[in-house]
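For the sequence shown, my numbering gives the first residue as 5, with consecutive numbering after it. Let me begin by presenting the structure, written as structure tokens, before commenting on it.
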Amino acid sequence: MDENKPISLPENASRELKPGETYEPLLKAGKSYPEVTAYSVIIGLLMTVIFSAAAAYLGLKVGQVFEAAIPIAILAVGFTSALGKKGGLGQNVIIQSIGACSGVIVAGAIFTLPAIYILGLEVNFWQMFLSSLLGGVLGILFLIPFRKYFVKDMHGKYPFPEATATTQVLVSGESGGKSAKTLLISGLIGGLYDFIVATFGAWSETLTTTVMHWGQVVADKAKVVLKLNTGAAVLGLGYIIGLKYSFIICCGSFLVWLVIIPLMNLIWGGSVIDLMGSGITQTIGAMAPEQIFKEYARHIGIGGIATAGIIGIIKSAGVIKSAVGLAAGEFRRKPGETTAEVPRTDKDIKMKTVVTGIVIALLAVFAFFAFGGVVNNVWQALIGVLIVAVIAFLFTTVAANAIAIVGTNPVSGMTIMTLIITALVLVAVGLKGNAGMCAAMIIGGVVCTALSMAGGFITDLKIGYWIGTTPAKQETWKFLGTLVAAATVAGVMMILDKTYGFTGEGALVAPQANAMAAVIQPMMNGGNAPWLLYGIGAVIAILLTVFKVPALAFCLGMFIPIDLNLPLLIGGAVAWFVSTRSKDAAVNAARQEKGTLIASGFIAGGALMGVVSAILKFANVDWFLTGWNAQYGEAIAIIPFVGLILYMIFATRPERK
């Protein structure tokens, strides 16, 4: 690759390949490039420590969990350019891949482990560290056999929105020229837009139909409400996802918000329904639509996601069989026996090593459960390991699929399902009460971190595939990033508990952990699970599969709040419009590519400024515009949002010569 020549991703990077066509990455398979160097490893680990601490602190204190991968990519490009590093592209991928361990380990930890404190129980540093470390290691190992399927075999079939945005940042930063200029301008626009909204509340971040009197009446009486997030980053995600998947996702939302919630109010509006024994006293009719969604309807989405995942496992049985056969073949191979040479860009860690690693990791999980104060005896430890192995393996592909489609990992929903299953099994084997709750949360933490890692790591591997780095190097050094992130997160949570606490006045918000505690406490005290709702979701997923509708995308729409789904549909519609309005296919392709750069800029700018915004919000610098937001925010929010859409449309026009 000529380092003085502007570069960009090949034209076929995001579309399905034609028969006989192959994808050639930027870094050619037949050449060797700087990837794992002292510089890339040290900077990657530094990013891991900084972003693990920042994400854990802000996620627990402010309740805002930000994605670290894109800000790390931006900083990596900046450092490499400032230092004048040669061959920076491959090294930047390694920096991003190692550093991205921070976000996924933090998500796995803060969704579950603080719930132990919230429940008034005790947990030590080593329990939190090992829960995050072992979960992260299992997530990496379980995903590696599926790398080729997701990033290569399914080339062009999944949009990979977050991977697309990160890759554009890395490539444009390396290339410079017009692409970098487009990305920079759109990043500034999207970043400032989201920063002004999130930090100062100059206008409302969410538009709702309740802003009008008739909308409020309909919401109160019929429980029908529509909500739209006006953020630039979410709009950009929708553009990259495209119209097809964003429409399917929104159909899931429409089913829940326009049919299921109003129907529940119509049929059971005067009833108090407590499916989990959690102490609900309100009638459904007295609840707001958002509360009905939280208490009931989203569980339908959870059941659908789980069933869609199992269906996906069954459908990909051939892929699993192939991976297992490859591993078995390596074990059967005689010493000195040669095999066909695999291109550098397609080399994974050997399957023999992966299988051995999984066995060792599961043995370590068993030892942790049995002798680390998690459960009472060896039998219960074996049950815990079985839960971790089965659920983490089954849901690994669900997490990877979700990230590949919509860029959002439904890890909280899958963790809730894990906690319920874990609680039922542990109670059945005699472990309940406080000890059972603590054990369930730690087991749930291992699974949650494994799924979070699997979803995040498939993004890193797709980035590497597009650019042309060596997968085995990404996979190998991901373990070191996981180790550092787990130690950092455990230490930060111990400090935050000592400093702020998780209960009482001035305590940390920890919204996800509070939700997990609310689920596990009634389960360990004789409560039940909403099996009826899970069953409805399962039936929906099966019917969707029968009628050849992508079930996972649809069920994700049922689980993710509608305000985050509607802008995806708008972004997808913009992508369709700019890529079809000309009769010249080359013009449409050019407009589509430039629109992808703009959308990536929106995502990158929004992600980076989200970190800054959370810090400033914690410092209470948003006080002087709160009154304006309360009175006029929703009324004017549509104006800048329409402005963003128009910018995306007009900025993709080809330049006049």
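Note that the Cβ used here is the ideal one computed from N, Cα and C, for glycine as well. For clarity, every value in this text was computed on a predicted model and none was experimentally measured.
(1) Looking at residue 232 and residue 574, is the spacing between their C-beta atoms short of 9 angstroms?
(2) In three-state terms, what does DSSP make of residue 380?
(3) In the DSSP assignment, find the unbroken beta strand (DSSP E) run with residue 233 in it and report its ends.
(4) For residue 82, count neighbouring C-beta atoms within 10 Å of its own C-beta (all shown protein chains included) and say buried if the count is 16 or more, exposed if not.
(5) What residue range is occupied by the uninterrupted alpha helix (DSSP H) comprising residue 435?
(6) Using only the alpha-carbon positions, how far apart do residue 178 and residue 151 sit?
(7) Mind pulling the beta strand (DSSP E) runs of 3 or more residues that sit fully within the stretch 8 to 85?
(8) What do you get for residue 585, buried or exposed, if any count of 16 or more other CB atoms within 10 angstroms of its CB means buried?
(9) Report yes if the CB atom of residue 455 is closer than 9 angstroms to the CB atom of residue 112, and no otherwise.
(10) Which partner residues of residue 211 appear in the DSSP bridge assignment?
(11) Buried or exposed: which applies to residue 14, given that a residue is buried once 16 or more other Cβ atoms fall within 10 Å of its Cβ?
(12) Enumerate, from N- to C-terminal direction, the unbroken beta strand (DSSP E) stretches of 3 or more residues contained entirely within the stretch 558 to 589.
(13) What residue from 438, 446, 364 and 389 has the CA that sits closest to residue 420's CA?
(14) What's the C-alpha gap between residue 252 and residue 312?
(15) Have a look at 103, 163, 131 and 201 and flag the residue whose alpha-carbon is nearest the alpha-carbon of residue 616.
(16) Report the rounded CA-to-CA distance for residue 2 versus residue 39, giving the unit in angstroms.
(17) Quick check: the stretch 14 to 24 against the stretch 149 to 165, are at least 3 beta-carbon pairs closer than 8 angstroms?
(18) List in chain order: all unbroken alpha helix (DSSP H) runs of 4+ residues lying wholly within the stretch 120 to 150.
(19) Rounded to a whole number of angstroms, what is the C-alpha to C-alpha distance between residue 523 and residue 387?
(20) Step through the CB atoms of chain C and report whether any lies within less than 9 angstroms of the CB of residue 34.
(21) Could you name each continuous alpha helix (DSSP H) segment of 4 residues or more that falls completely within the stretch 274 to 323, going from the start of the chain to the end?
(22) Can the beta-carbon of residue 560 be found less than 9 angstroms from the beta-carbon of residue 310?
(23) Alpha carbon to alpha carbon, how far is residue 495 from residue 369? Give it in angstroms, no decimals.
(24) From residue 630 to residue 298, what does the alpha carbon distance come to, in whole angstroms?
(25) So, for residue 580: in the same chain, excluding its five sequence neighbours on each side, which residues have a beta-carbon less than 7 angstroms away from its beta-carbon?
(26) Could you name the residues of the same chain whose beta carbon sits closer than 6 angstroms to that of residue 632, not counting the 5 residues immediately before and after it, in chain order?
(27) Should residue 176 go down as buried or exposed, given a rule of 16 or more other Cβ atoms within 10 Å for buried?
(28) Quick one: grab the DSSP three-state call for residue 352.
(29) Residue 627 to residue 206, Cα distance in whole Å?
(30) For residue 704 and residue 453, what's the separation of their Cα atoms in angstroms?
(31) Kindly provide the ranges of any alpha helix (DSSP H) runs that are 4 or more residues long and lie completely inside the stretch 440 to 515, ordered along the chain.
(32) Going by DSSP in three states, residue 216 sits in which element: helix, strand or coil?
(33) Hey, residue 235 and residue 198 are a contact pair by Cβ (cut 8 angstroms); roughly how many whole angstroms apart?
(34) Does the stretch 163 to 171 touch the stretch 478 to 496, meaning 3 or more C-beta pairs lie closer than 8 angstroms?
(35) Note down, in chain order, each residue of its chain lying with its Cβ closer than 7 angstroms to the Cβ of residue 634, except the 5 sequence neighbours on either side.
Inspection of the coordinates gives the following:
(1) Counting from 1 along the sequence shown, the entry for residue 574 is found at position 570. Counting from 1 along the sequence shown, the entry for residue 232 is found at position 228. In this structure, residue 232 lies closer than 9 angstroms to residue 574 by Cβ.
(2) Against the sequence shown, residue 380 aligns to sequence position 376. Three-state DSSP puts residue 380 in coil, outside helix and strand.
(3) Against the sequence shown, residue 233 aligns to sequence position 229. From DSSP, the beta strand (DSSP E) with residue 233 extends over 231 to 233.
(4) For the purposes of this step, residue 82 is taken as the residue at position 78 of the sequence shown. Exposed: under 16 other Cβ atoms inside 10 Å.
(5) On the sequence shown, position 431 is the one that residue 435 refers to. Here residue 435 belongs to no alpha helix (DSSP H), and DSSP marks it neither H nor E.
(6) By one-based count along the sequence shown, residue 178 stands at place 174. By one-based count along the sequence shown, residue 151 stands at place 147. In a straight line, the C-alpha of residue 178 is about 25 angstroms away from that of residue 151.
(7) none
(8) In the sequence shown, the residue the question calls residue 585 occupies position 581. Result: exposed.
(9) The residue given as residue 455 occupies position 451 in the sequence shown. The residue given as residue 112 occupies position 108 in the sequence shown. Yes, Cβ-Cβ distance for residue 455 and residue 112 is below 9 angstroms.
(10) Your numbering for residue 211 matches position 207 in the sequence shown. 232, per the DSSP bridge assignment.
(11) By one-based count along the sequence shown, residue 14 stands at place 10. Label assigned to residue 14: exposed.
(12) none
(13) Here residue 420 refers to the residue found at position 416 when the sequence shown is read from its first residue. Closest by alpha carbon: 446.
(14) Translated into the one-based positions of the sequence shown, residue 252 becomes position 248. Translated into the one-based positions of the sequence shown, residue 312 becomes position 308. Cα to Cα, residue 252 sits roughly 14 angstroms from residue 312.
(15) Position 612 of the sequence shown, counted from the first residue, corresponds to residue 616. For residue 616, the nearest C-alpha among the options comes from 201.
(16) Residue 2 is absent from the structure shown; the chain starts at 5 and stops at 661.
(17) With the rule of 3 Cβ pairs closer than 8 angstroms, the stretch 149 to 165 counts as touching the stretch 14 to 24.
(18) 129 to 147
(19) Here residue 523 is taken as the residue at index 519 of the sequence shown, counted from 1. Here residue 387 is taken as the residue at index 383 of the sequence shown, counted from 1. So the alpha carbons of these two residues sit roughly 20 angstroms apart.
(20) The chain labelled as chain C is not found in the depicted structure, where only one protein chain is given.
(21) Runs of the alpha helix (DSSP H) inside the stretch 274 to 323: 293 to 296 and 302 to 319.
(22) The residue labelled residue 560 in the question sits at position 556 within the sequence shown. The residue labelled residue 310 in the question sits at position 306 within the sequence shown. Cβ distance not < 9 angstroms, so residue 560 and residue 310 don't count as in contact.
(23) To locate residue 369, count along the sequence shown from 1; it is residue 365. To locate residue 495, count along the sequence shown from 1; it is residue 491. Distance between the alpha carbons of residue 369 and residue 495 is about 20 angstroms.
(24) Taking the first residue of the sequence shown as position 1, residue 630 is located at position 626. Taking the first residue of the sequence shown as position 1, residue 298 is located at position 294. Confidence in residue 630 is poor, its pLDDT being 47 and thus under 50, which makes the residue's placement too unreliable to answer from.
(25) Position 576 of the sequence shown holds residue 580. These residues qualify, in order along the chain: 247.
(26) As a first step, residue 632 is located in the sequence shown; it is residue number 628 there, counting from the start. For residue 632, the predicted structure reports a pLDDT of 47, less than 50, and the residue's modelled location is therefore unreliable. The matter cannot be settled from this model.
(27) In the sequence shown, the residue the question calls residue 176 occupies position 172. Buried.
(28) The residue you call residue 352 lines up with position 348 of the sequence shown. Coil.
(29) Counting from 1 along the sequence shown, the entry for residue 627 is found at position 623. Counting from 1 along the sequence shown, the entry for residue 206 is found at position 202. The predicted position of residue 627 is uncertain, since its pLDDT is 48 and thus under 50; a value taken from the coordinates is nonetheless stated next. If you draw a straight line from the Cα of residue 627 to the Cα of residue 206, it comes to about 11 angstroms.
(30) Lying outside 5 to 661, the shown extent of the chain, residue 704 is not represented and no answer is given.
(31) 475 to 503
(32) The residue given as residue 216 occupies position 212 in the sequence shown. Shown here, residue 216 sits in coil according to DSSP, grouped into three states, outside any helix or strand.
(33) Translated into the one-based positions of the sequence shown, residue 235 becomes position 231. Translated into the one-based positions of the sequence shown, residue 198 becomes position 194. So it is a contact: roughly 5 angstroms between Cβ atoms.
(34) no
(35) As a first step, residue 634 must be located in the sequence shown, where it is residue number 630. For residue 634, the predicted model reports a pLDDT of 46, less than 50, meaning its position is unreliable; a value from the coordinates is still stated below. For residue 634, where only same-chain residues beyond five positions count, there are no Cβ hits under 7 angstroms.
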